[in-house]
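**Q** In the working numbering, the protein residues as written are 21 to 155.
Attaching a single structure in structure tokens format; questions to follow.
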Amino acid sequence: MNIELTEIERIKNHLLLKFEGICGLGSEGNSDADFIIQKTKNEIEKDSSIQSIIFDFMNLKYSFGNRFANLFSPSNFKNNKTIFIRMVTNQEGLKSWTTLIDDCTNLSKDQVISQNISSAIRSINTQMNNKKTIK
């Protein structure tokens with residue numbers, strides 16, 4: 021495995037997961053995406069109060085591989101429950117992540133990618149508050 025989970029932090033109801041390493045290219049990265057999803061699910065199962073996931077990919081190298089789009093599907097982590105997902109990436113990988121999001125999800129880059137952990141938390145809190153207001 022070329023990827024490892026190096027840090028887990030709970031910030032209120034947000035789960036921050038830091039992954040590091042080099043993702044395989046194309047289908048060679050499928051096991052890397054599956055690893056990230058499984059590790060994330062394992063952490064969420066430990067605490068049912070988690071409402072969001074923040075992936076810290078600052079030290080993760082990703083070039084391309086469509087299975088990584090599954091990281092942005094809440095149902096992969098919590099069945100039938102709302103969970104908000106953000107990621108923080110390095111400048112080097114920004115174009116690759118943006119292309120993945122544009123080509124393989126119905127999300128926009130701004131709905132997923134944040135500049136840093138603080139902005140990710142603010143973005144999630146805003147989305148959570150807007151969802152409460154809509155109901």
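The beta carbon of each residue, even a glycine, is placed where N, CA and C say it ideally should be.
Based on Cα-Cα distance, which residue from Ile141, Trp117, Gln131 and Asp130 lies nearest to cysteine 43?
**A** Trp117
**Q** Within 8 Å, do at least three Cβ pairs link the segment 34-53 to the segment 81-101?
**A** yes
**Q** Scan the segment 65-98 and note each continuous alpha helix (DSSP H) run of 4 residues or more that stays entirely inside, going in chain order.
**A** none
**Q** If you draw a straight line from the alpha carbon of isoleucine 56 to that of leucine 91, how long is it in whole angstroms?
**A** 8 Å
**Q** Less than 6 Å between C-beta atoms, sequence neighbours within five positions excluded: which residues of the same chain meet that for serine 134?
**A** Arg106, Val108, Ala140 and Ser143
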